[in-house]
Amino acid sequence: MFGQLIISGLASGACYALLAIAMVIIYKTSEVLNFAQGEMAMISAFVTFTLLDAYKIPFHWAIIITFLFAIGIGIFFELIFLRRAKDPSVLGLIIITLGFEMILIGFASWKWGPDQRSFPFPVSSIDTYNFKGLIVSKINFWTIILSLIVMLILLIFFRYTKLGLAMRATQQNPMASKIMGIRTKWILSFTWALSSLIGAIAGILIAALGVLDPPMMMDPLLKGFSSAVLGGMTSLPGAALGGTILGLIENLFGGYISLSFKSVVAFAVIVLVLCIKPSGLLAKHFVKKV
Amino acid sequence: MFKKTFILLGMCILFICLNSTPTSAQKVRGVTETEILVGQWGPQTGPAAGWGAVARGTDLFFKIVNEEGGIHGRKIRYFLRDDSYQPAKTKAIAKEFVEDIGVFAVIGGVGVATGMSVRDYLMENNVFWFGPVTGVYEWIRPFQKYLFAMYPLYDDEIYTLTGYFYEKLGLKKIAVFYQNDSYGKQGLLGVERYLKEKNSTPVAKVSAEVTDRDLSTHALKLKESGAEASIMITNPSHAALILMECAKIGFKPQWGTSNTLSDAPFMLQITKGLWAGMIHSNFIEDPDSNHPLMIKYRGYHKKYAPQERWGVFYIAGILFAEPFVEGLKRVGKNLNTETLMKALEELKDFRGIGGPITYSPNDRQGAKHLWYGKVRPDGKIEKITDWIKVTKW
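Chains as they are written, first to last, in the working numbering: chain A, 83 to 372; chain B, 44 to 436.
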């Protein structure tokens, strides 16, 4: 049972980690918590579903089109809603993301209806691999692998590309970046696009792991947020680590201590981390000197 | 001067009398000479939105009633509101129904917590409530004068299902996967009640919260119990998730469930075929059956709501409204809560598209019959019993 719990925990944790990374990318740039992250991911998953189910497009093309859509929706949201906000405070921007979330969930319910759907995914959600007695479902295995690949690409992107460097610079000091010739507004749009793209990957994986319906991201988003807090809201490796730890804690807690409290353990973790290490596991805690 | 004042005063009194007499005679909230106002809430969005089809099915039925001339010259004006399965929203809707719209009756309403949040408010305001769309004891205990329950009780339904597994199929090790609320708990009660009579207990009792999305640990717990049969009392999303998680780890017991998940074609689709072999009860005739009323309703469905899927929960909206409309017909022109209550108390074995419905002055549980079936891979249900009485009183 221990091995199964670890595998399930890693698969859930991988999805939480992707959502946490998507949130942290935005937070680092603008200190905005994007509460529409889950619904943006859900809409992207529905777009893939429609392309596959209604238009019978091959899976790889459906994924490419969905990724373009996700990038588009991220840029659209930043340009149309956030950039146009007059004298925006951080709280005001957060409220705008909440409003956008409501719009998206309403749109999804209207467009695709409230019924649950089975998400067509090339990897079977039932078939399993047998690793010397440890049964691992194919969908869990590939969820973990795909998430690791995405994280690795992000690591390379932020560390070794000029664009990644420009993003990090903008995140650390927008004014200095502007003076150095970085087009910070463009970088901000790109940040939202990248965040939306990572969210879309998480959304597709979550839909493939279970069922597709408009409220499907409510629980994972909260867990993603908890993961980001656990790892540190300003640390990308922290978000990845936070998601993984949270997935494992949840499953081991549910398996060995109490199943009834499995779903609330994430929130207990938030409270605990905020009390002991408010900056999270891997982020540095800055104190402003007055 | 005195004479003029006297005449003016007399005219005022006459005006008030003439004006007030007819008004007080028609002072039944939500009933006019031409209309009866009826409301229903239901989750059109959120985790239980699949059950929201019930409220839309009722809309179709009222359209049919109105097209056929209404009831004693009155048409039904129907108000449907989305509560997203959230009690706070249900409360606001009930307040709107009573204080803004002024409905005569509330019909249906999916959810125990949602219904319970407004039950007392509706009863205190003498609002007639017919057929809450859940089979729990809260609607009949304590006895409410104007609350008529229609849905078969989960406790009795699952008790009978457990008996079928235990005696007919010889499956003695039974586990339960249930939603952690009144709905799930009253289903669990049925399993425990039956097994207690056999000096046994469920081998595992695994609960989940409505918002949970990761049920992998739940599946492992069920597998660890070594259950031969597993009964789920849950919502469609959780039903699909738990079946998939159990399949992933190679746990394949005989599954059984409540009629709340009796929409077999839909469940087969969202579970990628894993629903085949499921045994569950049914509170309504097969949607594709040749029952004369079902044929008639299917015709109207094509006319008024072709965009709606002709599934169990959509037609359940018709089922819950049929006895209500029958009561309205029996009342005649003098419609108020008292006359409707008396008319419904006289219903004996009324048949629409479900089982027999009977009420009496001290019994508010209308439906006591169900039939059981096994889901075939093509989505059809193979009958394993006829309509049987599950509630024995």
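A virtual CB, placed ideally from N, CA and C, is assigned to each residue, including glycine.
Less than 8 Å between CB atoms is the rule here; does residue i satisfy it with respect to chain A?
{"i": "V418 of chain B", "result": "no"}
{"i": "A68 of chain B", "result": "Residue confidence for A68 of chain B is low, a pLDDT of 45 falling below 50, so the modelled location carries little weight; the figure read from the coordinates is stated next. Answer no: the Cβ-Cβ gap between A68 of chain B and chain A never drops below 8 Å."}
{"i": "P279 of chain B", "result": "yes"}
{"i": "Q83 of chain B", "result": "no"}
{"i": "L284 of chain B", "result": "yes"}
{"i": "E252 of chain B", "result": "yes"}
{"i": "V249 of chain B", "result": "yes"}
{"i": "M459 of chain B", "result": "As displayed, chain B neither begins before 44 nor continues past 436, which places residue 459 of chain B out of reach and without an answer."}
{"i": "M287 of chain B", "result": "yes"}
{"i": "G422 of chain B", "result": "no"}
Helix, strand or coil for residue i per DSSP?
{"i": "Y121 of chain B", "result": "strand"}
{"i": "V71 of chain B", "result": "coil"}
{"i": "G336 of chain A", "result": "helix"}
{"i": "H412 of chain B", "result": "strand"}
{"i": "S200 of chain A", "result": "coil"}
{"i": "I427 of chain B", "result": "coil"}
{"i": "F117 of chain A", "result": "coil"}
{"i": "Q83 of chain B", "result": "strand"}
{"i": "V129 of chain A", "result": "helix"}
{"i": "A96 of chain B", "result": "helix"}
{"i": "I208 of chain A", "result": "coil"}
{"i": "K391 of chain B", "result": "coil"}
{"i": "E111 of chain B", "result": "coil"}
{"i": "E271 of chain B", "result": "coil"}
{"i": "I352 of chain A", "result": "helix"}
{"i": "T88 of chain B", "result": "coil"}
Mind pulling the chain B residues with CB within less than 9 Å of residue i?
{"i": "R199 of chain A", "result": "Q312, I313"}
{"i": "L341 of chain A", "result": "V249, S250, A251, T260, H261, K264"}
{"i": "S94 of chain A", "result": "R256, D257, S259"}
List, in chain order, every chain B residue whose beta-carbon is nearer than 7 Å to that of residue i.
{"i": "K344 of chain A", "result": "T260"}
{"i": "N333 of chain A", "result": "S259, T260"}
{"i": "D301 of chain A", "result": "T254, D255, R256"}
{"i": "S296 of chain A", "result": "Residue 296 of chain A is actually Pro in this sequence, not Ser. Per Cβ cutoff of 7 Å: T88."}
{"i": "G336 of chain A", "result": "T260"}
{"i": "P196 of chain A", "result": "Q87, T88, A92, G93, G95"}
Is there a Cβ from chain B that is less than 8 Å from the Cβ of residue i?
{"i": "V205 of chain A", "result": "no"}
{"i": "P256 of chain A", "result": "no"}
{"i": "I208 of chain A", "result": "yes"}
{"i": "P181 of chain A", "result": "Note on residue identity: the sequence assigns Gly, not Pro, to residue 181 of chain A. False, the Cβ-Cβ gap to chain B never drops below 8 Å."}
{"i": "G292 of chain A", "result": "yes"}
{"i": "D169 of chain A", "result": "no"}
{"i": "M83 of chain A", "result": "yes"}
{"i": "P140 of chain A", "result": "no"}
{"i": "S191 of chain A", "result": "yes"}
{"i": "G306 of chain A", "result": "no"}
{"i": "S309 of chain A", "result": "no"}
{"i": "S278 of chain A", "result": "no"}
{"i": "S361 of chain A", "result": "no"}
{"i": "S90 of chain A", "result": "yes"}
What in chain A is Cβ-close to residue i, meaning under 7 Å?
{"i": "I292 of chain B", "result": "Q86, I217"}
Is the closest heavy atom of the ligand GDP to the C-beta of residue i under 7 Å?
{"i": "A123 of chain A", "result": "The ligand GDP is not part of this structure, which contains no ligands at all."}
For a contact defined as C-beta to C-beta under 8 Å, what are the partners of residue i on chain B?
{"i": "S126 of chain A", "result": "Result: empty, since nearest Cβ-Cβ is about 17 Å, beyond 8 Å."}
Query - Contact set between the region 256-274 of chain B and chain A, restricted to residues whose Cβ is under 9 Å from the partner - result: R256, D257, L258, S259, T260, H261, A262, L263, K264, K266, E267
Query raised in the report: Curious, which full-length alpha helix (DSSP H) runs of at least 4 residues does the region 224-307 of chain A contain?
Result: 244-254, 256-261, 266-291
**Report entry** the region 294-325 of chain B: positions lying closer than 8 Å to chain E by Cβ
**Finding:** Looking at the structure shown, chain E is missing, and the protein chains on hand are A and B.
Requested in this report: Using a Cβ-Cβ cut-off of less than 8 Å, give me the residues of the region 214-236 of chain A that come near chain B, in sequence order.
Outcome: Answer set for the region 214-236 of chain A: I217, S219, I221, N222.
Query - Inside the region 172-258 of chain B only - alpha helix (DSSP H) runs reaching at least 4 residues - result: 197-206, 225-240
Query raised in the report: Between the region 86-111 of chain B and chain A, which residues of the former have CB atoms less than 8 Å from a CB of the latter, in chain order?
Result: P86, Q87, T88, G89, P90, A92, G93, G95
**Report entry** Complete beta strand (DSSP E) runs within the region 302-388 of chain B (minimum length 3 residues, chain order)
**Finding:** 322-325, all fully within the region 302-388 of chain B.
Query raised in the report: At a Cβ cut of 8 Å, what residues of the region 185-196 of chain B count as close to chain A, listed as they run along the chain?
Result: none
Query raised in the report: Hey, which unbroken runs of the alpha helix (DSSP H) at 4 residues or more fall wholly within the region 113-171 of chain B?
Result: 130-138, 155-167
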